[in-house]
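*Asks:*
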Amino acid sequence: MARARRIELTAEEFEKIRQMIYRLCGINLCPGKEGLVKSRLMKRLRKLTLGSFEEYLAFVESDSSGQELTTMIDLLTTNKTSFFREAEHFEFLKTQILPRILSTGQPVRFWNAGCSSGEEPYTVAIVLREAVPNLDLRDVKILATDISTKILAKAKKGEYDRETLQGIPEGLIRKYFLTMPNTRGLVCQVKDTLRSHVRFARLNLMQSWPMKGPFDVIFCRNVMIYFDKPTQRQLVSRFHEILKPGGYLFIGHSESLANTSSDFRYLQPAVYRK
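Residue 34 is where the sequence shown starts when you use my numbering, and the numbers rise one by one after that.
1) Count the other CB atoms within 10 Å of the CB of Thr293; is the residue buried (16 or more) or exposed (fewer)?
2) Could you please give the first and the last residue of the uninterrupted alpha helix (DSSP H) stretch that includes Arg266?
3) Whole angstroms are fine: how far does the CA of Asn237 sit from the CA of Arg171?
4) Closest to Leu205 by C-alpha separation, out of Pro154, Leu81, Glu45 and Ile159, would be which residue?
5) Which first and last residues belong to the beta strand (DSSP E) in which Leu211 is found?
6) Measuring only the C-alpha atoms, how far is Met105 from Arg235?
7) Could you tell me which uninterrupted beta strand (DSSP E) segments, each at least 3 residues in length, are contained entirely in the segment 205–256, listed from first to last along the chain?
8) Exposed or buried, Gln265, counting other C-beta atoms within 10 Å across all chains shown (16 or more means buried)?
9) Taking Cβ to Cβ, would you say Leu90 is nearer than 9 Å to Ile40?
10) Just to confirm, is the Cβ distance from Phe117 to Thr156 under 9 Å?
11) How about Val231 and Phe283: are their beta carbons less than 9 Å apart?
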């Protein structure tokens, strides 16, 4: 029996993929990511019965709908997140920010940019419901966006394995999730009391933003690490424009605005104010 031909990713093909991804969504696949790109796209090549990355790139470029390029982005973007990740941010939100923005009586708007599978915006909704007893009587909304259609579908579904909720107090789990068995074991479904505050939408941060804002708080955590410095500076400037005066920007602890020449004022690690 003849052995199947081993599919390789050439330097030229990697560079072409890198440039496609950078032009479309600003993600910088730096040298050294060749193995990651190859491993994540190989299953797609097999599904399409394509015998080389050259054939796959020709297929992407010939797809006038752009759907295959969207699929490639879905496969190459990383979506690591968790409930109450970097918990001190949510404590600061509860104790320092919410009292101020809610005291105005004005509509309150949050934006989770790069929301991944939904844990972050649902965490914000939990913090809001716990901190504001009459939340249903207030005009408070959370916009949650991501570029990946696949991960957004999971976020909208709002179902998480029981282990995913580790670290959340049992009282909050009972209050905001329905726990039920399925083929994977126990799954927890987000209740409508949280869903009602969150609207999910697909958004490419590098393209035009249909929403006008202004926002009181923007969470864009552990997203800019995938962008180069010029892209980071451009994005931070756009965040500044769409925030209300005095609005807040949360970024990841591994990120910084130090080299972005921004007009934000540093408050505490990874928290800034316009």
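Glycine included, every Cβ here is placed at the ideal spot set by N, Cα and C.
*Replies:* So, from the listed chains and residues:
1) buried
2) Lys262 to Ile275
3) 29 Å
4) Ile159
5) Phe210 to Asn215
6) 15 Å
7) 210–215, 218–223, 231–235 and 248–253
8) buried
9) no
10) yes
11) no
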